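Student:
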Amino acid sequence: MIETNTTLFEVKDKVAWITLNRPEAMNSLNPELRWQLSQHMDEVESNGDIWVAVITGAGEKAFSAGADLKHRAREREASDEEKANWQRMNAESKSIIERWYTPKPVIAMVNGYALGGGLEMAMACDIIVAADHAELGLPEPRRGLIAGAAGVHRLPRQIGLKPAMGFMLTGRHMSARRAYELGLVNDVVPLSELRSTVEGYVADIMRCAPLAVRATKEASMRGLDLPLPQAFYTSYESERVRRQSEDAQEGPKAFSEKRLPNWQGK
Numbered sequence: 208m209i210e211t212n213t214t215l216f217e218v219k220d221k222v223a224w225i226t227l228n229r230p231e232a233m234n235s236l237n238p239e240l241r242w243q244l245s246q247h248m249d250e251v252e253s254n255g256d257i258w259v260a261v262i263t264g265a266g267e268k269a270f271s272a273g274a275d276l277k278h279r280a281r282e283r284e285a286s287d288e289e290k291a292n293w294q295r296m297n298a299e300s301k302s303i304i305e306r307w308y309t310p311k312p313v314i315a316m317v318n319g320y321a322l323g324g325g326l327e328m329a330m331a332c333d334i335i336v337a338a339d340h341a342e343l344g345l346p347e348p349r350r351g352l353i354a355g356a357a358g359v360h361r362l363p364r365q366i367g368l369k370p371a372m373g374f375m376l377t378g379r380h381m382s383a384r385r386a387y388e389l390g391l392v393n394d395v396v397p398l399s400e401l402r403s404t405v406e407g408y409v410a411d412i413m414r415c416a417p418l419a420v421r422a423t424k425e426a427s428m429r430g431l432d433l434p435l436p437q438a439f440y441t442s443y444e445s446e447r448v449r450r451q452s453e454d455a456q457e458g459p460k461a462f463s464e465k466r467l468p469n470w471q472g473k
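Our numbering puts the last residue of the sequence shown at 473; the count rises by one with no breaks.
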């Protein structure tokens, strides 16, 4: 496990577990955490031994409360050196929110409040599993802000325009159960079952050929931006790689031999 001032990062059995580790600040996002998270996501994308990633928050209160507004207030009184360091971190960071086509599946394990940038981060993941006490929302207008890290764009796309407007224009929170009803969350479980439920998703993903999972994700996500006929006829790079892979032969071979496939990811 790699432990920093703001995150925990562990790779085990081809799964990267990323923990936002500022529980005293509801895992809010300051420049250091954003930078570390960017480094971890770079590793997830580039490391061939990582097939799935899970993002969660430390503690039982919050996944992430979004931007650290106390830090923003402190920036005004910071030294020039501190400001320069934060600016460097921001320039070097690529948020998961802006990784439009991350090839590998990413699961958000929402263990509490997912507000503002926290919800924007969760919506950028492929699967969301939430504890039943969690609350989700984009309350930025109540602070004179907007959910500008794609929240105002992703929420209407993921739950529909009218429900999204009902939450975004009022700053209201939604319960985990309501988020499930709206299709934003895949599963809602007691906190004591959160980890095991996520591990169940991970186990099922790992039963699939990793290149097939990536090809499925790319075709689905890129295809959403296209009219259906164009999406159908478009050539996707991940699918080209999958077709030429050893795993594309292993799947049918294992089926015919009545055994479990041995996926290599190549």
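Backbone N, C-alpha and C fix where the C-beta goes; we use that ideal spot for every residue, glycine too.
None of these values were measured; they are calculated from a predicted model.
Can you check which of these residues, Y320, S452, I335 and C332, is closest to L345 by C-alpha distance?
Tutor: Closest option to L345, Cα to Cα, is Y320.
Student: Do the segment 263-278 and the segment 310-326 make contact, defined as three or more Cβ pairs closer than 8 Å?
Tutor: The segment 263-278 is in contact with the segment 310-326.
Student: Any idea what DSSP makes of A274, helix, strand or coil?
Tutor: Three-state result, A274: strand.
Student: Go ahead and label Y443 buried or exposed: buried means 16 or more other beta carbons lie within 10 angstroms of its beta carbon, across all protein chains shown.
Tutor: With 16 or more other Cβ atoms within 10 Å, it is buried.
Student: Of all the CB atoms in chain D, is at least one closer than 8 Å to the CB of A419?
Tutor: The structure shown contains no chain D, having only a single protein chain.
Student: Could you have a look at V405 and say whether DSSP puts it in helix, strand or coil?
Tutor: Reduced to three states, the DSSP call for V405 is helix.
Student: Roughly how many angstroms separate the alpha carbons of E388 and M372, rounded to a whole number?
Tutor: Taking the straight line joining both Cα atoms gives about 16 Å.
Student: Taking contact to mean at least 3 C-beta pairs separated by less than 8 Å, is the segment 393-403 in contact with the segment 424-439?
Tutor: Cβ pair count under 8 Å is below three, so no.
Student: Is the CB-CB distance between L343 and L368 below 8 Å?
Tutor: No, these two residues do not count as a Cβ contact at 8 Å.
Student: Tell me A260's beta-bridge partners as DSSP assigns them.
Tutor: Paired residue(s): A223 and V313.
Student: For T214, count neighbouring Cβ atoms within 10 angstroms of its own Cβ and tell me buried if that reaches 16, exposed if not.
Tutor: By the 10 Å Cβ count, T214 comes out buried.
Student: Assuming the contact rule is C-beta atoms closer than 8 Å, I314 and D339 should be a hit. Round their C-beta distance to whole Å, please.
Tutor: With 8 Å as the limit, I314 and D339 do not qualify as a contact, their Cβ atoms being about 17 Å apart.
Student: With H, G and I counted as helix, E and B as strand and the rest as coil, what does DSSP make of A338?
Tutor: DSSP places A338 in strand when its eight states are reduced to three.
Student: Using three-state DSSP, classify S382 as helix, strand or coil.
Tutor: If DSSP states are grouped into helix, strand and coil, S382 belongs with the strands.
Student: May I have the straight-line CA-CA distance separating A422 from T377, to the nearest angstrom?
Tutor: Spanning the two alpha carbons is a distance of roughly 38 Å.
Student: If contacts are defined as beta-carbon pairs under 8 Å, then I262 and I225 qualify, I think. What distance do you get, rounded to the angstrom?
Tutor: About 5 Å separates the two Cβ atoms, so the contact holds.
Student: M381 to F374, Cα distance in whole Å?
Tutor: Answer to the nearest angstrom: the Cα atoms are 8 Å apart.
Student: Go ahead and label D275 buried or exposed: buried means 16 or more other beta carbons lie within 10 angstroms of its beta carbon, across all protein chains shown.
Tutor: It is buried - the Cβ of D275 has at least 16 other Cβ atoms within 10 Å.
Student: Which residue from G324, K311, Y408 and G407 puts its Cα closest to that of S427?
Tutor: If we check each option's Cα against that of S427, K311 comes out closest.
Student: Hey, S245 and K301: beta-carbon distance below 8 Å or not?
Tutor: Yes, the pair counts as a contact, with Cβ atoms nearer than the cut-off.
Student: If I follow the unbroken beta strand (DSSP E) through Y320, where does it start and stop?
Tutor: Here the beta strand (DSSP E) through Y320 covers Y320 to L322.
Student: Could you work out which residue in G358, S463 and A337 is closest to L401 when comparing CA atoms only?
Tutor: Looking at the Cα atoms, A337 is the closest of the given residues.
Student: For I209, which of helix, strand or coil comes out of DSSP?
Tutor: The answer is strand: DSSP assigns I209 an E or B state.
Student: Which runs of the alpha helix (DSSP H) at least 4 residues long sit entirely within the segment 405-448? Give them in chain order.
Tutor: Counting whole runs of 4 or more residues, the segment 405-448 contains the alpha helix (DSSP H) stretches 417-430 and 435-440.
Student: Distance, Cα to Cα, E217 vs D454?
Tutor: When rounded, the distance between both Cα atoms is 26 Å.
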